[in-house]
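So the number in our numbering is just where the residue sits in the sequence shown, counting from 1, plus 509.
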Amino acid sequence: MHDTDIRARDAVVAFREVRLARPFVISGRPIDFFTIAEVTLDVETRHGRRARGHGQSVLSVPWAWPHGDLPVPARDEVLRTLVRRYVDAALEAPCADPVETWRRLTADLDGVLATAAGPGAEAVPRLAGLLAVGAVDNALHDAWGRAAGRSSLAMATADHLAQDLSWLDPGLRGTFPGDVLVAPRRHLAVQHVVGVGDPLSPADGPADLETWLRRERPHHLKLKLVGADPAADAERVVAVHDVAARHQDRVVLALDPNAGCSGPQVALRLLEEVARLSPAAAAAVDYLEQPVARTSDPDAAALRELSGRVPTVLDEGFDRLTGLLDLADRGWSGVVVKAAKGQTAALVAATVARARGLWCVVQDLTASSWALAHSARLVAELPLTRRHLELNSRQYAPDSNADLARRHPGLVSVRDGTVTYPDGDGTGLYGFA
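Following this line, the structure appears as structure tokens:
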């Protein structure tokens, strides 16, 4: 029990639909819209100090709940209802730190998701449920820090949390997420996304890669691949590398089939084909993100072989913190964290990854506005293996950043491959107003 513990007293919930300027294709699934859940919580500390916190989460149905009996609009509405449900649960929760409250909220997540879509309907995927909880968790962390007048990241220590991380891993007794933060970085390298089918040159169509490279000069590129055809994917990787290499002395590639490969062997064939076609492109591949189906349990030996070739990180398949404990045994190199799944999960995952020598990177879900600012702060301060900021909202939904661009243009305007995190007083989840 700490003086900085908070209890939620009032809440406002809103939803903002973002229409993409052009479809963002992942593994054959075009994303043309998503919902941003916005939660504002008024809280009170044990000594009566009041504050207001704001949290957002990207409720991306095509990513978190890509298949189901319900149509996409109905799935989106189920997630909105879940956000409201978890806001109500937060209002009923006792005074505590946000990590304790998150544990309380998610204790029966599977049970809630089993019936959330209605009688006789399919269970909501756990990944989608975590996005619904994420907006609430993020608002709690922001309010917690603002009530204390401190950074909510830096507060995640023994001075303010009820428990260390031994509740997840007995080997982490005495370890708190706030103990492993790195010196904040204001200038963040941007990771530019190349979607499946995105044009590479002006002759191929608008918003092409070459134009982006000339204008903003990013050297971190993330390639969305189909996954089912290693030969075709390899040709795409080489083509993207060759365009980028004409504009940058150093090109760093991340490959993301979005669970499109039928097994690790398919991803291995992709890497072998890239190496055959272009040793330079192969040398530029930095890591591989979720090549296999999120629900699969691939052969550990085959996955270790793949991870031994190129670090291979879990993304869509990461829906339980306990999954971190045997991640290496299952053949994975590390894990992806996303602000949309909540600050608690991000802090814990990054801390466990560091303790176990695992890779950890932050990626986003076309995050914009405050969701983008949150993702950027995670990149700026978490102990990550690669500290780059995926910023694809500027590519696919630029209008969604209009307010943030007016207030803090350096965070959304890329110059020489980087953006600048705003100066501020450091409080709360974002560190600036």
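By construction, the Cβ of each residue, glycine as well, lies at the ideal position given by its N, Cα and C atoms.
| task | Return helix, strand or coil for P571, following the three-state DSSP convention. | result | helix
| Smallest Cα separation from S842: which of T853, Q852, V870, A848? | For S842, the nearest C-alpha among the options comes from V870.
| By DSSP, does D519 sit in helix, in strand, or in coil? | DSSP places D519 in strand when its eight states are reduced to three.
| task | From the DSSP output, in three-state form, read off T853 for me. | result | helix
| query | Closest by CA to S771, which one among R803, V760, A657, V746? | reply | If we check each option's Cα against that of S771, R803 comes out closest.
| So P603 packs on R516, CB below 8 Å; how close in whole Å? | 7 Å
| request: Look at A790 and V747 and say whether their C-beta atoms are less than 8 Å apart. | output: yes
| task | Please confirm if the segment 686 to 706 is in contact with the segment 881 to 900, defined as three or more CB-CB distances below 8 Å between the two stretches. | result | yes
| Local conformation of H511 per DSSP, three classes | coil
| field | Span of the alpha helix (DSSP H), counted from its first residue to its last, around Y595 | value | 581 to 601
| Since A630 and V592 are thought to touch, with beta carbons under 8 Å apart, how far apart are those beta carbons, to the nearest angstrom? | Actually they are not in contact, since the Cβ atoms of A630 and V592 sit about 18 Å apart, beyond 8 Å.
| Mind checking whether P711 and E719 have CB atoms under 8 Å apart? | yes
| Assigned secondary structure, A616 (DSSP; H/G/I helix, E/B strand, else coil) | Three-state DSSP puts A616 in coil, outside helix and strand.
| request: With DSSP as the reference, label P693 as helix, strand or coil. | output: coil
| request: Taking R555 as part of the beta strand (DSSP E), name the residues at either end of that continuous run. | output: Counting along the chain, R555 sits inside no beta strand (DSSP E), nor does DSSP assign it H or E at all.
| said: Check whether the segment 832 to 847 and the segment 810 to 824 are in contact - that is, three or more C-beta pairs closer than 8 Å. | reply: Short answer: they touch.
| If you draw a straight line from the alpha carbon of A623 to that of G638, how long is it in whole angstroms? | 10 Å
| message | Mapping the DSSP letters down to three states, classify A737 as helix, strand or coil. | response | A737 falls in the coil class under three-state DSSP.
| field | Whole-Å CB distance - A625 paired with V587, under 8 Å assumed | value | Contact flag correct, Cβ pair sits at about 6 Å.
| task | Quick one: using the 10 Å Cβ neighbour count with 16 as the cut-off for buried, is M664 buried or exposed? | result | buried
| query | Between which two residues does the beta strand (DSSP E) harbouring H883 extend? | reply | First-last for H883: 878 to 890, but that is the alpha helix (DSSP H), not the beta strand (DSSP E).
| task | Would you check if there are 3 or more beta carbon pairs closer than 8 Å linking the segment 854 to 864 to the segment 542 to 553? | result | no
| query | So, L881 versus L913, is the Cβ gap smaller than 8 Å? | reply | yes
| message | Quick check on R895: does DSSP put it in helix, strand or coil? | response | strand
| task | Count the other C-beta atoms from every protein chain shown that fall within 10 angstroms of the C-beta of A906, then say buried if there are 16 or more, exposed otherwise. | result | buried
| request: Note down, in chain order, each residue of its chain lying with its Cβ closer than 7 Å to the Cβ of L670, except the 5 sequence neighbours on either side. | output: In its chain, beyond the 5 residues on either side, D606, V608, F685 have a beta carbon closer than 7 Å to the beta carbon of L670.
| message | For S787, tell me which candidate among A768, A754, G769 has the shortest Cα-Cα distance. | response | A754
| message | I need the DSSP call for T720, collapsed to helix, strand or coil. | response | helix
| task | With DSSP as the reference, label W676 as helix, strand or coil. | result | If DSSP states are grouped into helix, strand and coil, W676 belongs with the helices.
| task | Ignore the nearest five residues each way along the sequence and tell me which others in D688's own chain have a CB closer than 7 Å to its CB. | result | T666
| request: Kindly list the residues whose CB is nearer than 7 Å to the CB of A793, restricted to its own chain and excluding five residues on each side of it in sequence; keep chain order. | output: H750, V760, V761, L762
| Between T615 and D585, is the Cβ-Cβ spacing less than 8 Å? | no
| task | Compare the Cα-Cα distances from P892 to each of G940, V567, L690, L568 and report the closest residue. | result | When C-alpha distances from P892 are compared across G940, V567, L690, L568, the shortest belongs to L690.
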